[in-house]
Amino acid sequence: MIHRHDVIIIGAGLAGSRAAVEIGKVADVAVLSKVYPSRSHSGAAQGGVAASLGNISVTDRWEFHMFDTVKGSDYLGDQDAIELMVREAPETVIEMEHWGCPFSRTEEGKIAQRKFGGHTLEFGREAALRACYSADFTGHVLLHTLHEQCLKHNVNFYSEFQVLSLIFRDGRAIGVVAWDMVHGGLHTFYGRAVMFGTGGYGRAFKITSNAHANTGDGLALVSRIGLPIQDMEFVQFHPTGLYKSGILVTEGARGEGGHLKNSEGRRFMEDYAPTLMELAPRDMVARAMQQEIDEGRGIDGEDKIHLDVSHLGEQRLMERLPQITELAMNFAGVDPRVEPIPIQPTAHYSMGGIPANENTRVTMDANRTEAVGLYAAGECSCISVHGANRLGTNSLLEALLFGRRAGKQIVEDVHDLEFPNLPPDYEDAARGEIEFIRNNRGGEKVGTLRGELQDSMMIDCGVFRTKEQLQKQKEKVAELADRFRHIQIDDNGDQFNTDLLEAIELGHLLDFSGAIVEGALLREESRGGHYRKDFPKRDDDKFLRHTLAWKRNGDWELTFEKEVVLKGVSHPGFEPKERKY
Amino acid sequence: MADTSQRSFRIFRFNPETDDKPYYQTYEIEVESWWTVLDALNEIKWFVDGTLSYRRSCRHGICGSCAMMINGLNDLACEKQIKLIRRNPITIDPLPGFEIHKDLAVDMDPFYKALKRVKPWLINNDPPPSRERIQSPEQFHLIGDGIACILCAACTSSCPSYWSDEEYLGPAALLKAYRYSFDSRDQGLGDRIDALDNRHGLWRCHKITNCFHACPKNLNPTEAISRLQRRVIEEKT
Amino acid sequence: MLSMLKRSGTKSGGSTAWIWQRITGLVLVVTLFLHYLFLHFLNGGTVTWEEVTQRLSSPLFKMIDLTFLVAALFHAGQGLVINIHDYVHRPGWRVTLVTLAWLLMLTLLITGTVTIVTLEPAYIDQLQLGAAQAVGAGGVAR
Amino acid sequence: MGSLRTRGFSHYRWQTGQVAWLLHRITGLALVLYITMHIWVVSSLQLGEGPFEATMAFVQSPLFRFLEVGLFFCVIYHALNGLRVIAIDFLGATEKHVPIFWVLVVVGGVLWVIGGADMITHAIEQMNHGDPFFPSLGG
Ligand SMILES: Cc1cc2nc3c(=O)[nH]c(=O)nc-3n(C[C@H](O)[C@H](O)[C@H](O)COP(=O)(O)OP(=O)(O)OC[C@H]3O[C@@H](n4cnc5c(N)ncnc54)[C@H](O)[C@@H]3O)c2cc1C
Ligand code: HEM
Ligand code: SF4
Ligand code: F3S
Ligand code: FES
Numbered sequence: 398m399i400h401r402h403d404v405i406i407i408g409a410g411l412a413g414s415r416a417a418v419e420i421g422k423v424a425d426v427a428v429l430s431k432v433y434p435s436r437s438h439s440g441a442a443q444g445g446v447a448a449s450l451g452n453i454s455v456t457d458r459w460e461f462h463m464f465d466t467v468k469g470s471d472y473l474g475d476q477d478a479i480e481l482m483v484r485e486a487p488e489t490v491i492e493m494e495h496w497g498c499p500f501s502r503t504e505e506g507k508i509a510q511r512k513f514g515g516h517t518l519e520f521g522r523e524a525a526l527r528a529c530y531s532a533d534f535t536g537h538v539l540l541h542t543l544h545e546q547c548l549k550h551n552v553n554f555y556s557e558f559q560v561l562s563l564i565f566r567d568g569r570a571i572g573v574v575a576w577d578m579v580h581g582g583l584h585t586f587y588g589r590a591v592m593f594g595t596g597g598y599g600r601a602f603k604i605t606s607n608a609h610a611n612t613g614d615g616l617a618l619v620s621r622i623g624l625p626i627q628d629m630e631f632v633q634f635h636p637t638g639l640y641k642s643g644i645l646v647t648e649g650a651r652g653e654g655g656h657l658k659n660s661e662g663r664r665f666m667e668d669y670a671p672t673l674m675e676l677a678p679r680d681m682v683a684r685a686m687q688q689e690i691d692e693g694r695g696i697d698g699e700d701k702i703h704l705d706v707s708h709l710g711e712q713r714l715m716e717r718l719p720q721i722t723e724l725a726m727n728f729a730g731v732d733p734r735v736e737p738i739p740i741q742p743t744a745h746y747s748m749g750g751i752p753a754n755e756n757t758r759v760t761m762d763a764n765r766t767e768a769v770g771l772y773a774a775g776e777c778s779c780i781s782v783h784g785a786n787r788l789g790t791n792s793l794l795e796a797l798l799f800g801r802r803a804g805k806q807i808v809e810d811v812h813d814l815e816f817p818n819l820p821p822d823y824e825d826a827a828r829g830e831i832e833f834i835r836n837n838r839g840g841e842k843v844g845t846l847r848g849e850l851q852d853s854m855m856i857d858c859g860v861f862r863t864k865e866q867l868q869k870q871k872e873k874v875a876e877l878a879d880r881f882r883h884i885q886i887d888d889n890g891d892q893f894n895t896d897l898l899e900a901i902e903l904g905h906l907l908d909f910s911g912a913i914v915e916g917a918l919l920r921e922e923s924r925g926g927h928y929r930k931d932f933p934k935r936d937d938d939k940f941l942r943h944t945l946a947w948k949r950n951g952d953w954e955l956t957f958e959k960e961v962v963l964k965g966v967s968h969p970g971f972e973p974k975e976r977k978y
Numbered sequence: 000m001a002d003t004s005q006r007s008f009r010i011f012r013f014n015p016e017t018d019d020k021p022y023y024q025t026y027e028i029e030v031e032s033w034w035t036v037l038d039a040l041n042e043i044k045w046f047v048d049g050t051l052s053y054r055r056s057c058r059h060g061i062c063g064s065c066a067m068m069i070n071g072l073n074d075l076a077c078e079k080q081i082k083l084i085r086r087n088p089i090t091i092d093p094l095p096g097f098e099i100h101k102d103l104a105v106d107m108d109p110f111y112k113a114l115k116r117v118k119p120w121l122i123n124n125d126p127p128p129s130r131e132r133i134q135s136p137e138q139f140h141l142i143g144d145g146i147a148c149i150l151c152a153a154c155t156s157s158c159p160s161y162w163s164d165e166e167y168l169g170p171a172a173l174l175k176a177y178r179y180s181f182d183s184r185d186q187g188l189g190d191r192i193d194a195l196d197n198r199h200g201l202w203r204c205h206k207i208t209n210c211f212h213a214c215p216k217n218l219n220p221t222e223a224i225s226r227l228q229r230r231v232i233e234e235k236t
Numbered sequence: 006m007l008s009m010l011k012r013s014g015t016k017s018g019g020s021t022a023w024i025w026q027r028i029t030g031l032v033l034v035v036t037l038f039l040h041y042l043f044l045h046f047l048n049g050g051t052v053t054w055e056e057v058t059q060r061l062s063s064p065l066f067k068m069i070d071l072t073f074l075v076a077a078l079f080h081a082g083q084g085l086v087i088n089i090h091d092y093v094h095r096p097g098w099r100v101t102l103v104t105l106a107w108l109l110m111l112t113l114l115i116t117g118t119v120t121i122v123t124l125e126p127a128y129i130d131q132l133q134l135g136a137a138q139a140v141g142a143g144g145v146a147r
Numbered sequence: 009m010g011s012l013r014t015r016g017f018s019h020y021r022w023q024t025g026q027v028a029w030l031l032h033r034i035t036g037l038a039l040v041l042y043i044t045m046h047i048w049v050v051s052s053l054q055l056g057e058g059p060f061e062a063t064m065a066f067v068q069s070p071l072f073r074f075l076e077v078g079l080f081f082c083v084i085y086h087a088l089n090g091l092r093v094i095a096i097d098f099l100g101a102t103e104k105h106v107p108i109f110w111v112l113v114v115v116g117g118v119l120w121v122i123g124g125a126d127m128i129t130h131a132i133e134q135m136n137h138g139d140p141f142f143p144s145l146g147g
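Residue numbers (my numbering), protein chains in the order written: chain A, 398 to 978; chain B, 0 to 236; chain C, 6 to 147; chain D, 9 to 147.
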């Protein structure tokens, strides 16, 4: 079946929904999502969304936020985009408030703000209260508010449609082909503009805070039609994942005063970040924890650390961190009011993604040549406001804000863009993939391959990396990709066939995992979320550059030609310095 | 430290493409001590029988995908610790009251349509101030249950009134109506009243409280409905 | 009552019925208590003609019984409508049944009111006399 | 395509609230039935002492005494649970509705036993008197 809409948005998380609200007011927009919109993973975000409102830290200014973001990114972030983001942050958040988003409040009734790792006043002098929050379900209320705005504006949702391929010809996006998850069958959507808001790729790792749906589909789709993906090796490991399940314990738990302790019961962060302690940026805390574990100071000699919030008292816990108390009880069987929570680093955020510029237009090469009619925002994009490492609460902001920018940009562009013609072979790639998976009888199981991929990525491409490990992992990924050709699924039906869809997602994971590993291998330095034990220093001469990875003839080709933008739009920019807290 | 045990799962199966009638299929698997029901379903799907269909995404109780009936009561599979369930086998059914797509996946469209009927968005025709609208912490807490709802449908699907009247808005949509109508920034009760004060609206609630017990987020839709009922009565007199 | 009848068949409303179901419920708690008290427990369990007519000759008791009657019938009718709305969704059936329910209540209301209002020993005597004359000496008396 | 849904009434576990509601509904309907008969019967008052006493003898026979015990149950349960529902409606009693239910079971039970005993005693006395258990009209 063929559907025609002015604008096709893939993904109904904060990025996709925010764009849809903007566009829905003036043009015919279709939003495709493989889960019901309100179930997108944005809803899992707990801690907050950054904006220098100055409701509590009254001296807060966007320049401080910009500095923190640039420094947090380990100077790999593009400062023009960062400046736009931090400057527009307050109005973006206020706008959500006007749409009814419920935020926790200060006594005077303003939006409450809390501390979050890496956010400071006066360029690092003291911690800033910058994260606007709603108890500990900030992402949830933002997502629902946006979804409800979409309902108000009668946005066309195609829920439970999984996009399989992007139709793209001669630098121009035409549409996408999707699978109707409920009844089966291919549906083609085409329009003047196509936007990706498909979220992150944490599911490449075994221990992850990400949803099952976060399989980085957008990245695979884009790379399959010959476009590059950027900075894939930068994966943020969050220090506080629940032991074994990886489910996130919000950084708010540390923001509210939680302590990290090793097997000796000591707050070991004083050895790593004496001023900020537990509130140091995530990558540092995660590495500190991993090091404690590697050196045998994990709890019970296992790979876990204790997060202690019991001293905060029941009332504060119930008031500020109700969800955490529930999570710890449900998933770790501990009562955080009286005992410490066992945690371990968990793959949390994907800095890499589809390269796009500050107007969210997707770019196709190191010179930032724009594709026509193709946009990306949110976690799937790499506009590079996070560079090598994202600060907590900056990604909800990114998704909202660049979703908004995408919406405005598309509204501006859409009337200059003609409806494209569907090429005759528009469905072939998707149909081929479906048929291959359905008809193949090689005996390899999705669960097995995916398990092996996630295990090995965690061990050999995780918090710490070395050349040997990465080399090994490169071969592992190749081996798994090879075995994927013998994939066999059990379910051959049309109706709600998640077996088929999981196989397709596995194909995506295998695809871009290659780019992660290869980027990590070639980037012989340590920066932000990427840490090479054999190259523990940052190397600005060689690597103050974005990684671009192209999939060509089944292999990944990487370059480090894309320059980092070191100047803001109006701000002179911050010179790279050593990142210390 | 593989702390495992053997459990059976008796799972409702139905594929409208091929089956005339639904049936139960029992799977025996090893479960680890920290697993939830969703982990067990995943184990079955990934390593035993790929044809089993169900919904899941976040796997930590926030997206609302995995609501289903576990031993006769609606719950979130991803939040239900297996070791806390004494019955064996553990019986799993789809959410009652909805049409079945396949196995444990049901058609949620009616649920979302009901939601839309209560106009779930802030209605306020005054021009917004340049900064945020002021709202006190108490006013924020008043709508706390409403904003915490994850739209999992466990409540609506457990409600006998919904079983007898598919067009009944149901507790989830009513909780949403409460969340907006009791928001200090909202002026929209008048716009919602037609949907609420209706044969399929507020008055179909007989305070059966299945919804209250089913809600995996420990929310209280019953109380929200009561408050809305009172508010609508006030509005009408 | 007539407006009730109209509303319960149509799409809108239900709030009045809901609140009155509660109010009449509370009224019924009181009146039903009195009713039971007098008819079952204070009289040794046997209801006699004399007692009843005696009691009903007092305007206070008349008022109580009338309140009881009206409240109970309104409540009962509304209770039936609740059930019809819960289970009967075909418009034709629904409207028919709702109408029938209220017709029944109306009949009962008239019958009951007539009974209560007309029950005065003196009045009854007259009536009886008339009846006896009409039917003849054998009459209705035992 | 076949359409199928899991039926709640047969599959969902019966919990206190649902039981309380169903009983409320059944007793309510039973009361409607009763009140219809009752008004019809009492209307015979207008016909004077004779017919009234005749009807009364009929409905006050031992059989009806026993049925009245059932009616009394309906009244007590429906009234008390009605109050419980009103408490949920107006007093925010949802969180405590289960204990409230048990309180009303106890209170209602006591009332029922006291009142019911009274009714049964009467019935037995009547039967000792030689009143027929199954009355015939006009007897
Ligand atoms: C546990 C957790 C806590 C977090 N906490 C915070 C926080 O406190 N502060 C903060 O700033 N950030 C936080 N983040 C990060 C932040 O939530 C995400 O980066 C952000 O929400 C991403 O939004 P998005 O719109 O880009 O993607 P998502 O919300 O992930 O949405 C992706 C959408 O794409 C759709 N989609 C994907 N693939 C396909 C396909 N093939 N076909 C059709 N549809 C598809 C999905 O259905 C979904 O609708 C957290 C993340 C996690 C995992
Ligand atoms: C004694 C005091 C009484 C109280 C406190 C009371 C209370 C209530 C309440 C609150 C309801 C509403 C339930 C809902 O909306 O779900 C109700 C329903 C009902 N009542 Fe009563 N009631 C009383 C007496 C009676 C009597 C005497 C009758 C019969 C004539 C009666 C018949 C009904 C019926 C049929 C319903 C509908 C029940 C349902 O379907 O849920 N009630 N009652
Ligand atoms: S009220 Fe509770 S049960 Fe109902 S949809 Fe919301 S979270 Fe789910
Ligand atoms: S179960 Fe249903 S009847 Fe009311 S209290 Fe809950 S909505
Ligand atoms: S999987 Fe998201 S709520 Fe269970």
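Each residue gets a CB set at the ideal place from its N, CA and C atoms; glycine is no exception.
Using alpha carbons as the reference points, say which of the options lies closest to residue i.
i	options	result
A/Val874	A/Trp953, A/Tyr669, A/Ile479	A/Trp953
A/Leu548	B/Gln138, B/Trp120, B/Ile224, B/Ser4	B/Trp120
B/Asp48	B/Lys82, B/Glu27, B/Gly187	B/Glu27
Assign residue i to buried or exposed, taking buried as 16 or more other Cβ atoms, counted over all protein chains shown, within 10 Å of its Cβ.
i	result
A/Val735	exposed
C/Gly143	With a pLDDT of 40 at C/Gly143, under the threshold of 50, the modelled position of this residue cannot be trusted; read the value that follows with caution. C/Gly143 is exposed by the Cβ-count criterion.
A/Ala416	buried
D/Gly16	buried
So residue i contacts chain D; which residues on that side make the cut at Cβ distance below 8 Å?
i	result
B/Met68	Thr14, His19, Tyr20
Using a C-beta to C-beta distance shorter than 7 Å, which residues of chain D count as neighbours of residue i?
i	result
C/Arg27	Ile94, Asp97
What residues from chain B crowd round residue i, counting only those whose CB sits closer than 7 Å?
i	result
C/Trp23	Trp202, Gln228
A/Ala610	Ser56
Which chain B residues sit within Cβ distance under 8 Å of residue i?
i	result
D/Gln68	Going along chain B, no residue has its Cβ under 8 Å from D/Gln68, so there is no contact; the nearest lies around 36 Å.
Which residues in chain C sit within 8 Å of residue i, going by Cβ to Cβ distance?
i	result
B/Ile232	Ser20, Trp23, Ile24
Quick one: which chain C residues come within Cβ less than 7 Å of residue i?
i	result
D/Gly36	Gly84
### Query
Can you list, in chain order, the residues of the region 87-100 of chain B whose Cβ is nearer than 8 Å to any Cβ on chain D?
Asp92, Pro93, Leu94, Pro95, Gly96, Phe97, Glu98, Ile99
### Interface positions of the region 155-176 of chain B facing chain D (Cβ-Cβ less than 7 Å), listed along the chain
Ser157, Pro159, Trp162
### Message
Below 8 Å, how does it come out for the region 99-117 of chain D and the region 24-31 of chain D: are there three or more Cβ pairs, yes or no?
### Response
yes
### Query
Just by C-beta distance, which residues in the region 48-63 of chain D are closer than 8 Å to chain B?
none
### Task
Taking only beta carbons into account, state which residues of the region 534-551 of chain A come closer than 7 Å to chain B, listed in chain order.
Phe534, His537, Val538, Glu545, Gln546, Leu548, Lys549
### Query
Three or more C-beta pairs closer than 8 Å, one from the region 77-90 of chain D and one from the region 30-47 of chain C: is that the case here?
yes
### Under 7 Å (Cβ pairs) to chain D, residues found in the region 183-208 of chain B
His205, Lys206, Ile207, Thr208
### Interfacial residues, the region 107-128 of chain B to chain A, with Cβ spacing under 9 Å
Met107, Asp108, Tyr111, Leu114, Lys115, Lys118, Pro119, Trp120, Leu121, Ile122, Asn123, Pro127, Pro128
### Message
Can you confirm whether the region 799-811 of chain A touches the region 589-602 of chain A when touching is taken to mean that 3 or more C-beta pairs between the two stretches lie within less than 8 Å?
### Response
yes
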